[in-house]
Amino acid sequence: AQRVTQPEKLLSVFKGAPVELKCNYSYSGSPELFWYVQYSRQRLQLLLRHISRESIKGFTADLNKGETSFHLKKPFAQEEDSAMYYCALRGYSSASKIIFGSGTRLSIRP
Amino acid sequence: DVKVTQSSRYLVKRTGEKVFLECVQDMDHENMFWYRQDPGLGLRLIYFSYDVKMKEKGDIPEGYSVSREKKERFSLILESASTNQTSMYLCASSRGTEAFFGQGTRLTVV
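Take a look at the structure:
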């Protein structure tokens with residue numbers, strides 16, 4: 065069964081501190097993994113995907129197939145990072161559904 | 246710029262009413278999705294469609310149906326609205342990788 069697990073509902077850190085949002089998944093095969101973000105009063109939007117291996121707004125995420133994890137990290141949190149973050153996966157077929165986790169609310173304290 | 250437009254931002258309906266939520270995308274995407282977003286539960290997939298007149302059930306299809314008669318339009322139908330369907334509904338479209346989301350419809354069933 066396809067499943068995405070985000071164990072933390074809320075993560076609160078001080079500005080300048082490192083951030084790690086956890087994501088674990090189960091999928092039979094090799095999925096494509098994503099992080100989406102929803103800022104206050106804005107639409108849900110893509111933050112990054114594992115295949116592009118890039119850093120967006122200082123965030124990175126590494127796919128660990130052995131641990132079936134795709135944790136999101138940032139070395140120094142900024143106040144504008146406060147948002148709701150969702151981990152998601154899809155299969156590689158063009159007609160694959162996209163499954164989301166339950167989300168983690170990141171709150172950055174000044 | 247991809248646009249996914251949901252017909253209403255807010256809706257209030259009575260128990261037992263038939264409710265239509267409409268979604269239109271302007272980028273010729275094959276895939277379209279309907280999710281409901283609830284605090285602590287994240288985004289749960291109701292239905293998705295990978296082509297005109299083609300649909301697949303998601304994780305929580307009970308009490309819902311969908312219609313996709315044209316490529317750009319994907320409708321979610323609540324056959325007989327109930328109070329437990331009070332939620333934020335999100336529509337999305339994709340060509341296979343990144344999903345683009347609408348602004349959401351907050352439905353309240355009284």
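In the order they appear, the protein sequences are chains A and B.
Straight run, no breaks: the first sequence in my numbering ends on number 174.
Straight run, no breaks: the second sequence in my numbering ends on number 355.
For every residue, glycine included, the Cβ atom is placed at its ideal position computed from N, Cα and C.
List the endpoints of the continuous beta strand (DSSP E) containing residue i.
i, result
"M299(B)", "M299 to K302"
"Q102(A)", "E96 to Q102"
"Y149(A)", "A147 to R154"
"Q282(B)", "N276 to D283"
"G287(B)", "G287 to D296"
"R318(B)", "R318 to L323"
"L136(A)", "S133 to K138"
"R169(A)", "T168 to R173"
"D273(B)", "Here D273(B) belongs to no beta strand (DSSP E), and DSSP marks it neither H nor E."
"V77(A)", "L74 to F78"
"R351(B)", "T350 to V354"
"T342(B)", "Counting along the chain, T342(B) falls outside any beta strand (DSSP E), and DSSP gives it neither H nor E."
"I305(B)", "No beta strand (DSSP E) contains I305(B), which DSSP labels as neither H nor E."
"K258(B)", "Y255 to K258"
Indicate whether at least one CB of chain E lies closer than 8 Å to the CB of residue i.
i, result
"Y150(A)", "The structure shown contains no chain E; its protein chains are A and B."
Between the Cα of residue i and the Cα atoms of the options, which residue gives the shortest distance?
i, options, result
"P71(A)", "P174(A), H135(A), D126(A) and G130(A)", "H135(A)"
"V77(A)", "F98(A), K137(A), D126(A) and S166(A)", "K137(A)"
"L286(B)", "G155(A), T124(A) and G167(A)", "G167(A)"
"T328(B)", "K298(B), Y292(B), R289(B) and R351(B)", "R351(B)"
"G303(B)", "T250(B), L290(B) and D296(B)", "L290(B)"
"Q66(A)", "L74(A), P95(A), A81(A) and G80(A)", "P95(A)"
"T124(A)", "I115(A), G130(A) and E131(A)", "I115(A)"
"K111(A)", "Y292(B), A344(B), V355(B) and L323(B)", "Looking at the sequence shown, residue 111(A) is not Lys but Leu. Cα-wise, what sits closest to L111(A) is A344(B)."
"G347(B)", "K316(B), Y334(B) and I322(B)", "Y334(B)"
"F293(B)", "I305(B), S325(B) and G261(B)", "I305(B)"
"E144(A)", "L170(A), S160(A) and D126(A)", "L170(A)"
"R117(A)", "L74(A), F98(A), K161(A) and Y156(A)", "F98(A)"
"A141(A)", "V83(A), V68(A), K73(A) and L74(A)", "V83(A)"
"E324(B)", "K298(B), F265(B), C336(B) and E317(B)", "F265(B)"
Put residue i into one of helix, strand or coil per three-state DSSP.
i, result
"Q66(A)", "coil"
"T328(B)", "helix"
"E314(B)", "strand"
"I115(A)", "helix"
"E143(A)", "helix"
"R105(A)", "coil"
"A81(A)", "coil"
"I120(A)", "strand"
"C87(A)", "coil"
"E267(B)", "strand"
Validate contact between the stretch 262 to 280 of chain B and the stretch 309 to 325 of chain B using beta carbons, cut 8 Å, 3 pairs:
yes
Is it a yes or a no for the stretch 105 to 121 of chain A touching the stretch 260 to 278 of chain B, going by three-plus beta-carbon pairs under 8 Å?
no
Note down, in chain order, all residues in the stretch 135 to 169 of chain A with a beta-carbon under 7 Å from any beta-carbon belonging to chain B.
Y150, S158, A159, K161, I162, I163, F164, G165, S166 and G167
Three-pair Cβ contact test at 8 Å for the stretch 76 to 94 of chain A versus the stretch 248 to 256 of chain B
no
Counting only Cβ-Cβ distances shorter than 7 Å, please list the residues of the stretch 247 to 272 of chain B near chain A, keeping chain order.
none
Check distances from the C-beta atoms of the stretch 284 to 295 of chain B to those of chain A and list, in chain order, the residues that come in under 9 Å.
P284, G285, L286, G287, L288, R289, L290, F293 and Y295
Scan the stretch 335 to 347 of chain B for residues whose Cβ lies nearer than 9 Å to a Cβ of chain A and list them as they occur along the chain.
Correct list: L335, A337, S339, R340, G341, T342, E343, A344, F345, F346 and G347.
Going along the chain, which residues of the stretch 297 to 308 of chain B sit with their C-beta nearer than 9 Å to a C-beta in chain A?
M299, E301, G303 and D304
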